[in-house]
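Visitor: Residue numbers (our numbering): 6 to 216.
Yeah, the Cβ is synthetic: ideal placement off N, Cα and C, and Gly gets one too.
Sharing a structure here in structure tokens format.
As structure tokens, then:
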């Protein structure tokens with residue numbers, strides 16, 4: 006892995022940790038205690054991302070960052086040239102979705118690129134759907150709006166460029182987010198959570214919605 010990427014990744018992770026420590030954030034269990042608790046965590050106040058609209062790279066149509074009515078939307082912020090974090094996160098999510106089977110029909114999965122200069126719509130769509138058949142690539146060329154959207158999730162990212170202004174490396178927050186149909190981030194999974202953890206949380210939430 007290039008040294009520059011590692012340096013940016015470390016910096017963004019440190020920034021994330023500092024922001025988390027300084028913010029007035031209460032991590033709570035979603036379903037009480039015991040075996041019915043979520044593995045992922047919730048943030049108070051609940052982040053809201055449902056006011057943002059980006060482009061669906063497969064259709065070119067606007068996509069508002071919220072789940073379909075009655076559904077759930079899993080969101081990851083990353084980029085297609087990511088050597089490890091992004092493929093691992095999407096693979097874990099894909100395995101969880103596959104095991105849930107048809108019960109996962111109300112769940113959509115999307116990746117928002119934080120590297121739109123290099124991630125073409127076609128490349129992003131192919132990358133996401135390489136892990137999740139119904140995966141959605143999301144992209145915007147509006148740099149200010151992308152930064153605001155990442156901040157709304159509680160995510161950070163940074164880029165390194167060469168002397169010609171071309172992006173060479175990207176570092177980003179390595180968390181995965183679950184958004185409901187109101188556009189609220191109801192669960193956040195850290196990078197060390199496995200497909201088993203994600204599957205468990207999704208089943209709990211699906212059962213809760215059906216009950």
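(1) Residue 81 and residue 181 look like a contact to me (Cβ under 8 angstroms); what is the Cβ gap, rounded to whole Å?
(2) Here's the rule I'm using: 16 or more other beta-carbon atoms within 10 Å means buried, otherwise exposed. How should residue 150 be labelled?
(3) Under the rule that 16 or more other beta-carbon atoms within 10 Å means buried, what is residue 196, buried or exposed?
(4) Determine the closest residue to residue 79 out of 213, 215, 189, with distance taken between C-alpha atoms.
(5) For a minimum of 3 consecutive residues, which ranges assigned as the beta strand (DSSP E) are wholly contained in the segment 102-140?
(6) Could you tell me the distance, in whole angstroms, from the CA atom of residue 44 to the CA atom of residue 114?
(7) In or out: residue 178 buried (at least 16 other Cβ within 10 Å) or exposed?
(8) Are there three or more Cβ pairs, one per stretch, closer than 8 angstroms when the segment 158-166 is compared with the segment 135-148?
(9) By DSSP, does residue 158 sit in helix, in strand, or in coil?
(10) Among all the DSSP beta bridges, which residues are the ones paired with residue 176?
(11) Taking contact to mean 3 or more Cβ pairs, one atom from each stretch, closer than 8 angstroms, check whether the segment 120-127 and the segment 88-97 are in contact.
(12) Specify the secondary structure class of residue 199 as computed by DSSP and reduced to three states.
Guide: Let me lay it out:
(1) Position 76 of the chain shown holds residue 81. Position 176 of the chain shown holds residue 181. Between residue 181 and residue 81 the Cβ distance is about 5 angstroms, and since that is below 8 angstroms, they are a contact.
(2) For the purposes of this step, residue 150 is taken as residue 145 along the chain shown, with counting starting at 1. When all chains shown are included, residue 150 counts as exposed.
(3) Taking the first residue of the chain shown as position 1, residue 196 is located at position 191. Under this definition residue 196 is an exposed residue.
(4) Reading the chain shown from its first residue, position 74 is the one you call residue 79. Residue 79 has its Cα closest to that of 189, out of 213, 215, 189.
(5) 112-118
(6) Start at 1 with the first residue of the chain shown, and residue 44 comes out as number 39. Start at 1 with the first residue of the chain shown, and residue 114 comes out as number 109. Those two C-alpha atoms are separated by around 19 angstroms.
(7) The residue given as residue 178 occupies position 173 in the chain shown. With 16 or more Cβ atoms within 10 Å of its Cβ, residue 178 is classed as buried.
(8) no
(9) If you number the chain shown from 1, residue 158 lands on position 153. Reduced to three states, the DSSP call for residue 158 is helix.
(10) Taking the first residue of the chain shown as 1, we reach residue 176 at position 171. For residue 176, which the question treats as bridged, DSSP gives the partners 163.
(11) Verdict: no, contact absent.
(12) On the chain shown, residue 199 is found 194 positions in, with the first residue counted as 1. Residue 199: coil per DSSP, three-state reduction.
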